[in-house]
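Number of protein chains: 2
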Amino acid sequence: MEYTIGTQAVSTRDIVYRSLKNQILLLELPPGTGISEKEISLKFNVSRTPVRESFVRLAQEGLLAVYPQRGTVVSLIDSELVEEARFMREHLERAVIREACRSFQARNLIDLKANLDKQKLCIEDQDYKEMFMLDEEFHHVIFTGCNKKNTWEVIQQIKVHLNRSRMLKLTADHNWEHLYQQHYCLYEAIEQHNINQGDQIMQEHMALTIADQEMLMAKYPQYYKQRPEN
Amino acid sequence: MEYTIGTQAVSTRDIVYRSLKNQILLLELPPGTGISEKEISLKFNVSRTPVRESFVRLAQEGLLAVYPQRGTVVSLIDSELVEEARFMREHLERAVIREACRSFQARNLIDLKANLDKQKLCIEDQDYKEMFMLDEEFHHVIFTGCNKKNTWEVIQQIKVHLNRSRMLKLTADHNWEHLYQQHYCLYEAIEQHNINQGDQIMQEHMALTIADQEMLMAKYPQYYKQRPEN
DNA sequence: ACTACCATACTACCATACAAGTATGGTAGT
DNA sequence: ACTACCATACTTGTATGGTAGTATGGTAGT
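The listed protein sequences correspond, in order, to chains A and B. To convert, note that position 69 of the first sequence is 69 in this note's numbering; the numbers rise steadily by one, no gaps. So the number in this note's numbering is just where the residue sits in the second sequence, counting from 1, plus 230.
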């Protein structure tokens with residue numbers, strides 16, 4: 001028998017893990033919310049074991065804070081961590097776009113162009129939900145095209161810490177047209193092997209994602225980790 | 231009562247987790263080794279529960295591959311992942327050293343100089359084990375000095391995938407004197423705010439860590455993940 | 001009214017039992 | 001000799017009970 005990796009349809013643990021992660025990132029479980037293994041196991045109608053193991057994973061990703069014998073809470077947003085996540089993402093994405101401008105697989109360039117065309121349609125249709133997904137996919141294709149799939153995965157992990165801030169900011173004020181222009185310039189840079197243009201545009205592109213931490217901390221102080229120490 | 235985070239001395243789960251992780255990174259548990267929850271729980275004289283939760287964490291870090299109902303093995307080294315880990319580390323460390331050359335906390339600069347002096351001593355004494363730790367600490371201080379502690383943590387995670395290759399390479403052939411010279415130049419760059427020198431030296435410094443994957447895959451094929459797909 | 005104490009109801013942690021899928025070796029049948 | 005089948009001994013996944021530490025609210029004493 002061949003090794004069919006994905007044999008297990010989907011374990012209870014994964015269901016609980018993904019559901020909790022979604023609720024946390026969407027702020028349906030706001031930072032600071034107390035949750036217990038028992039509570040979650042009752043809600044999902046499963047035993048505490050898969051819930052516990054989900055907690056272990058979420059704690060490792062920094063989304064839960066487990067205090068033995070005291071309780072578990074959805075972790076507060078750490079503004080220092082958010083800033084560093086932005087820092088890491090910027091420099092990794094720039095390094096990758098430079099790499100993409102040097103060499104890029106032809107078939108992924110086609111996917112990139114197709115993605116751009118779909119973006120244009122979405123803007124006309126004002127389908128911002130789809131546009132959000134296309135934005136994600138656009139960057140994903142860039143990583144794939146220069147053999148940086150694992151780097152993409154790492155960035156996804158890092159971005160977890162950016163997402164909750166961005167969610168607070170309310171994404172409604174995005175300038176989708178501007179976003180599209182930048183994406184087009186990135187595509188152009190890759191196609192024409194223009195490393196400087198790629199790096200420059202990506203730097204500006206990353207600047208768009210800066211959520212104003214100071215403002216958010218003032219508006220939602222209960223969601224942020226205070227750091228009186230030092 | 232104040233919130234004393236580190237109240238729990240150390241959980242069984244953490245003991246098992248750290249022990250297994252050490253053994254894997256030191257290749258005492260070579261890539262491909264099959265291990266079962268029961269086997270480990272017997273060895274540590276604990277129940278399967280903390281062992282399982284250790285497995286969950288190690289699997290998330292990519293050090294274990296769990297196949298439901300079939301078994302668990304120490305993950306094979308993924309040469310593509312190793313290359314990308316090198317890529318990510320290089321660009322993050324360079325971004326950080328540039329930041330350090332712009333602004334650096336005075337007290338950390340003192341620590342850095344003290345570390346350098348200790349390195350010199352270790353070379354004279356040929357205490358390479360200590361030198362290895364000082365090397366790690368040197369980089370750590372740089373991250374701390376420009377407020378990039380979280381970035382350091384992320385790099386530590388990424389480096390996991392580099393460590394096993396480096397371990398195979400046998401670290402004996404390190405040119406410690408050269409290493410020291412580079413460290414000194416990095417220190418100098420930070421002190422004199424010479425961004426270009428910092429970036430340049432760090433780039434060379436990272437190049438030292440390149441383990442020759444081709445050679446290692448030929449020498450230890452059973453430790454490497456083959457990728458016939460594509 | 002206020003404080004010190006304690007019973008009680010939590011919490012996460014660990015051990016154990018059961019369930020379900022998989023690999024393996026032996027055996028019966030050809 | 002070879003093949004198909006099946007019992008058995010594994011594996012990980014899930015459920016549940018018990019333990020120890022912690023927060024809380026009520027009560028007795030001042």
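The beta-carbon is built from N, C-alpha and C at its ideal position, and this holds for glycine as well. Because the structure is a prediction, the values reported are computed rather than measured.
For the alpha helix (DSSP H) containing residue i, name the first residue and the last one.
i: L168/A; result: K149 to L168
i: G62/A; result: No alpha helix (DSSP H) holds G62/A; DSSP gives it neither H nor E.
i: G198/A; result: I195 to A207
i: T242/B; result: T242 to L255
i: C415/B; result: W406 to E421
i: E269/B; result: E267 to F274
i: G145/A; result: Y128 to G145
i: F317/B; result: S309 to R332
i: I110/A; result: A106 to D125
i: K455/B; result: Premise fails: K455/B is in no alpha helix (DSSP H) and is neither H nor E.
i: L446/B; result: Q443 to K449
Can you tell me the Cβ-Cβ gap for residue i and residue j, rounded? I've got them flagged as a contact below 8 Å.
i: G32/A; j: Y223/A; result: 7 Å
i: H319/A; j: H321/B; result: Chain A is shown only over 1 to 230; residue 319/A falls outside these bounds and no answer can be derived.
In terms of residues, what are the limits of the beta strand (DSSP E) holding residue i?
i: G71/A; result: G71 to V74
Only counting the same chain, and skipping five residues up and downstream in sequence, which positions put a Cβ closer than 7 Å to that of residue i?
i: K343/B; result: Y417
i: E191/A; result: L109
i: S54/A; result: R13, V16, Y17 and L20
i: Q23/A; result: L29
Leaving out five residues before and five after residue i in sequence, what residues of the same chain have Cβ atoms less than 8 Å from its Cβ?
i: N163/A; result: L25
i: L116/A; result: F138, Y180, H183, Y184 and Y187
i: V96/A; result: I142, F143, C146, K148 and T151
i: I440/B; result: R316
i: H178/A; result: L208
i: I235/B; result: With a pLDDT of 36 at I235/B, under the threshold of 50, the predicted position of this residue should be treated as unreliable, and no value is reported.
i: M397/B; result: L255, L256 and L257
So, residue i versus residue j, is the Cβ gap smaller than 8 Å?
i: Q290/B; j: R57/A; result: yes
i: E37/A; j: R52/A; result: yes
i: T381/B; j: F368/B; result: no
i: E93/A; j: M217/A; result: no
i: R48/A; j: I158/A; result: no
i: Q443/B; j: V312/B; result: yes
i: Q119/A; j: L134/A; result: yes
For residue i, which residues of its own chain have a beta-carbon under 6 Å away from its beta-carbon, when the five flanking residues on both sides are left out?
i: I77/A; result: P31, R164, Y223 and Y224
i: G34/A; result: G71 and V73
i: T242/B; result: V276 and P280
i: D341/B; result: V371
i: Q238/B; result: In this prediction, Q238/B has a pLDDT of 46, which is less than 50 and means its spatial position is unreliable; nothing more can be read from the coordinates.
i: I40/A; result: V51
i: Q335/B; result: G375
i: H423/B; result: C331
i: M445/B; result: none
Report yes if the C-beta of residue i is less than 7 Å from at least one heavy atom of the ligand HEM; otherwise report no.
i: V303/B; result: No copy of the ligand HEM occurs in the structure displayed, which carries no ligand at all.
Point to revise | Stretch pair the segment 247 to 256 of chain B + the segment 89 to 106 of chain A: three plus CB contacts closer than 8 Å | key: no
Check your understanding: Contact between the segment 356 to 365 of chain B and the segment 114 to 133 of chain A: three or more CB pairs below 8 Å?
Key -> no
Exercise for review: Give a yes or no on contact between the segment 63 to 82 of chain A and the segment 191 to 204 of chain A, applying the rule of three or more CB pairs nearer than 8 Å.
Suggested key: no
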